[in-house]
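Asker: Residues in the sequence shown are numbered consecutively from 1, following the UniProt record's numbering.
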Amino acid sequence: MADLHSSFRTADQPRRSKRGGVLVIGLGRFGSAIATTLDRLGQEVLVIERNPALIQLYADRIPTVEADATSPEALEQIGVRDFPVVVVGIGSSLEASVLVTGNLVDMGTAQIWAKAVSAEHGRILQRIGAHHVVFPEADAGARVAHLVSGKLLDYIEVEDGFTIVKMRPPKETQGFTIEQSKVRTKYGVTIIGVKSPGEDFVYATPQTRISASDLLIVSGHSELLDRFAARP
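Dropping the structure here:
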């Protein structure tokens, strides 16, 4: 990067408060989805992107800076140390992803969320100090696989296999209270919410009675949930 001052520019001169915010690096599908969602939720967000075409595409929607985030000098001038949370959304270049993450580690960023496109990529990011490594493609693939292969209507894996799903009730639970059906004892999963047609979701109690038309919110380990969902 020959000239730091000429190598980056801001869109509408985005400002941050002294409280910090979230810095997103990369305006690909992952980074742009995070940035636009944070902005819609009212969170302070700033995006770094080196591609002028992407900057132009998003400049009217979210605060953006055109810069090369692999350069520690560029990050310093942008004020990366003011951000307690930084998301590295670079996936197309492993080298750039690692360089940027390494820069953030060296600068003492409190929370680094980094996108990985493979297990090897993820291991490298973890070894150099990323606090959270995200596998968006793999996670989306696993989620869709669970949805298309069984009764699950929604599937969210939280961490270490712990998962929350939305599903139809198996026949053996229909017409019984949660206490009577003994789901937790038999299958090791917990029914945490029930939605009856035309009603809001309610937290489940042992006395909650399940009908065939209900939807269940169930938590537990993914393997146990798969077993429970496979019941007729």
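By construction, the Cβ of each residue, glycine as well, lies at the ideal position given by its N, Cα and C atoms.
Small disclaimer: the values here were computed from a predicted structure and weren't measured.
State the DSSP-derived secondary structure class of Gln207, mapped to helix, strand or coil.
Answerer: It is coil, neither helix nor strand.
Asker: Take Leu38 and list the residues in its own chain whose beta-carbon comes closer than 7 Å to its own, dropping the five residues that flank it on each side.
Answerer: If we look at Leu38 and ignore the five residues flanking it on each side, its Cβ neighbours are Val22, Val45.
Asker: Would you say Val87 and Met107 are within 8 Å of each other, going by their C-beta atoms?
Answerer: No, the Cβ-Cβ distance between Val87 and Met107 is not below 8 Å.
Asker: For Ile25 versus Ile55, is the C-beta spacing smaller than 8 Å?
Answerer: No, these two residues do not count as a Cβ contact at 8 Å.
Asker: To the nearest angstrom, how far is the alpha carbon of Pro52 from that of Leu216?
Answerer: Roughly 47 Å separates the two Cα atoms.
Asker: Can you give the Cα-Cα distance for His5 and Ala116, rounded to whole angstroms?
Answerer: Here His5 scores only 34 on pLDDT, less than 50, and its place in the model should not be relied on; the value that follows carries that caveat. Looking at the two C-alpha atoms, the distance is approximately 30 Å.
Asker: If you run the structure through DSSP and keep just helix, strand and coil, what is Ala130?
Answerer: In the structure shown, Ala130 sits in coil (DSSP, three-state: anything other than H, G, I, E or B).
Asker: Does Pro169 have its Cβ less than 8 Å from a Cβ in chain D?
Answerer: In the structure shown, chain D cannot be found, because there is only a single protein chain.
Asker: For the beta strand (DSSP E) containing Val117, name the first residue and the last one.
Answerer: Taken as a continuous stretch (DSSP letters only), Val117 belongs to no beta strand (DSSP E), as it is neither H nor E.
Asker: According to DSSP, simplified to helix, strand and coil, what is Gly102?
Answerer: It is helical.
Asker: Express the C-alpha separation of Ile90 and Ala96 in angstroms, rounding to a whole number.
Answerer: Answer to the nearest angstrom: the Cα atoms are 7 Å apart.
Asker: Helix, strand or coil for Gly31? Go by DSSP, reduced to three states.
Answerer: Gly31: helix per DSSP, three-state reduction.
Asker: Alpha carbon to alpha carbon, how far is Val100 from Thr64?
Answerer: Approximately 17 Å, taken between the alpha carbons.
Asker: Do you know how far the Cα of Arg29 is from the Cα of Leu41?
Answerer: Going from the Cα of Leu41 to the Cα of Arg29 covers about 18 Å.
Asker: Bridge partners of Thr109, per DSSP?
Answerer: Note: Thr109 sits in no beta bridge, so no partner.
Asker: Going by DSSP, what residues sit across from residue 244 in a beta bridge?
Answerer: Nothing in the structure corresponds to residue 244, since the chain is present only between 1 and 232.
Asker: Are there 16 or more other CB atoms within 10 angstroms of the CB of Val98, so buried, or fewer, so exposed?
Answerer: When all chains shown are included, Val98 counts as buried.
Asker: Count the C-beta pairs between the segment 137-151 and the segment 202-221 that are closer than 8 Å, then say yes if the count reaches three, no if not.
Answerer: No, the segment 137-151 does not touch the segment 202-221.
Asker: If we count the other Cβ atoms within 10 Å of its Cβ and call it buried at 16 or more, is Leu225 buried or exposed?
Answerer: So Leu225 ends up on the buried side.
Asker: Between Gln111 and Val85, is the Cβ-Cβ spacing less than 8 Å?
Answerer: Against a cut-off of 8 Å, the Cβ pair of Val85 and Gln111 comes out as a contact.
Asker: Is the Cβ-Cβ distance between Glu73 and Arg50 less than 8 Å?
Answerer: Contact: no.
Asker: Take Gly122 and list the residues in its own chain whose beta-carbon comes closer than 6 Å to its own, dropping the five residues that flank it on each side.
Answerer: For Gly122, where only same-chain residues beyond five positions count, the Cβ hits under 6 Å are Ala116, Val133.
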